[in-house]
Amino acid sequence: MLHFLANELVLLICDQLESERDVSALARTNQKLYGVLSSVLYLRNATYSGSSALLWAISSGQHITAERAVTAWAALLRTKVSDESITGPIFYGHNAFVRAAEQGSDLVARMMTETGMIDINWRDPEHGRTALGWAAMCGNSSVLGFLVGSKDVLLDSTDYYGQTPLSLAAQTGNPTSVRLLLRTRRVNPNAVDRLQLRTPLAWAAYRGRLEIMKELMRQREINVDPLDVRGWTPLSLACQGGYADAAAELLATGLVDVNSKDRFWRRTPLIWAACYGHEDVVRVLLRSEDIVAGIADIRGHTALSLAVQGGVGQVTRLLLDSGKVDLGSIDFVYGKSPFQRGVYSHRPTTGLKPPALRPP
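Structural data, given as structure tokens:
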């Protein structure tokens with residue numbers, strides 16, 4: 001008999017129901033009631049349930065549900081613009097917008113922007129990151145392309161960690177996102193974050209993202225040899241990670257200091273590469289005409305002594321064959337030569353000579 005009731009009576013009955021579940025059950029009773037109560041159900045969800053229906057639609061790819069939820073959310077905000085009770089719906093709607101960018105739902109992002117009720121530069125409370133930042137970080141190029149085309153978007157917006165969308169894209173290895181951002185000519189390729197003081201190029205080198213490094217290094221204003229908070233350059237970071245191709249790309253610019261020392265250990269890229277046993281990186285570095293292979297760190301350890309101590313035979317042989325190392329160098333802490341460190345560490349010392357005996 002419910003389908004014979006006038007719409008006004010159905011809505012009065014709905015007003016007496018406290019939970020969304022009860023309204024949903026009533027709406028599913030028949031087709032007429034669903035038609036009458038569907039918009040009411042979405043409106044209640046936007047008002048009292050943090051737009052959970054919209055969040056579910058975004059994560060599930062349900063475009064029809066998303067469209068209805070966005071329509072209800074926008075209608076709520078338009079009818080109660082001056083009502084303080086919409087503070088929650090505004091927050092949850094913007095949160096859904098950011099999640100749409102994060103999960104690559106460009107349709108929902110577009111629909112929400114077209115309502116005119118979205119602040120495109122809104123930052124989530126957890127990371128202080130905008131929709132553009134999330135899209136760049138997650139490699140969602142369709143959403144990113146839509147957002148960078150907006151005249152109101154802040155392309156260099158930073159999150160709580162000082163990371164820009166370009167920095168996030170460089171870290172996570174999204175060359176398409178990097179290209180989209182760089183093509184705008186409105187991003188700073190040398191922006192540094194707050195924690196590590198690293199540029200996008202430094203992050204790309206740290207992760208070994210060669211394609212992204214090439215994109216960044218094509219920018220005329222790029223600084224290829226910046227220092228981070230520890231005094232590590234992109235070259236040093238690439239060498240520590242064992243990325244020989246990345247190191248070679250940086251050296252090919254002729255604009256990096258191959259002997260740069262960091263702030264704490266005072267180690268050069270070669271020392272780090274030898275310490276970690278990265279044979280290919282050591283080979284690339286030794287080809288540089290400017291390399292000084294005998295530099296010692298804060299403890300007097302050279303690339304050779306650390307390679308011997310670590311038992312990295314191939315690296316040791318490369319250093320010896322280069323003719324650029326001092327076999328008699330003595331560290332500052334233990335007063336040992338590379339040969340003595342090899343013996344002390346029970347490592348092979350082939351090719352190394354014991355230090356000459358000092359006269360009494």
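Letter 294 of the sequence shown, counting from 1, is numbered 294 in the UniProt record's numbering, and no numbers are missing. Ideal Cβ placement from N, Cα and C applies to all residues, glycine included. No experiment lies behind these values; they were computed from the predicted model shown.
Scanning the stretch 160-226 from its first residue to its last, the whole alpha helix (DSSP H) runs of 4-plus residues come out as 165-172, 175-183, 200-207, 210-217. When the five nearest sequence neighbours on each side are left out, the beta carbons in the same chain lying within less than 6 angstroms of the beta carbon of N174 are those of G139, in order along the chain. Here A246 is near A238, since their CB atoms are less than 8 angstroms apart. For L250, the closest of D119, S288, D262 by C-alpha to C-alpha distance is S288.
Of T176, M137, V284, the smallest CA-CA separation from Q163 is found for M137.
Contact annotation: L285 and P269 have beta-carbon atoms nearer than 8 angstroms.
Burial is judged here by how many other beta carbons sit within 10 angstroms of a residue's own beta carbon; L235 has at least 16 and is buried. In this structure, S177 sits near S141, with a CB-CB distance shorter than 8 angstroms. For R78, the enclosing alpha helix (DSSP H) covers residues 63-79. Within 10 angstroms of the beta-carbon of L255 lie fewer than 16 other beta-carbons, which makes it exposed. Straight-line measurement puts the Cα of A204 at about 22 angstroms from the Cα of V148. Shown here, P125 sits in coil according to DSSP, grouped into three states, outside any helix or strand. Taking 8 angstroms as the cut-off, the Cβ atoms of I120 and V153 count as close. The Cβ atoms of A296 and V325 do not sit closer than 8 angstroms to each other.
If you ignore the 5 residues before and after C275, its C-beta comes within less than 8 angstroms of the C-beta of R267, A303, L306, A307, G310, all in its own chain and listed in chain order. DSSP places G300 in the coil class of the three-state scheme, outside both helix and strand. Between the C-alpha atoms of D124 and G241 there is a straight-line separation of about 32 angstroms. Excluding five sequence positions before and after Y92, the CB atoms of its chain that fall closer than 6 angstroms to its own CB belong to G50, S51, given in chain order. Taking the CA atoms as reference points, N188 sits about 27 angstroms from A244. Straight across, the Cα-Cα distance linking R179 with E215 is about 7 angstroms.
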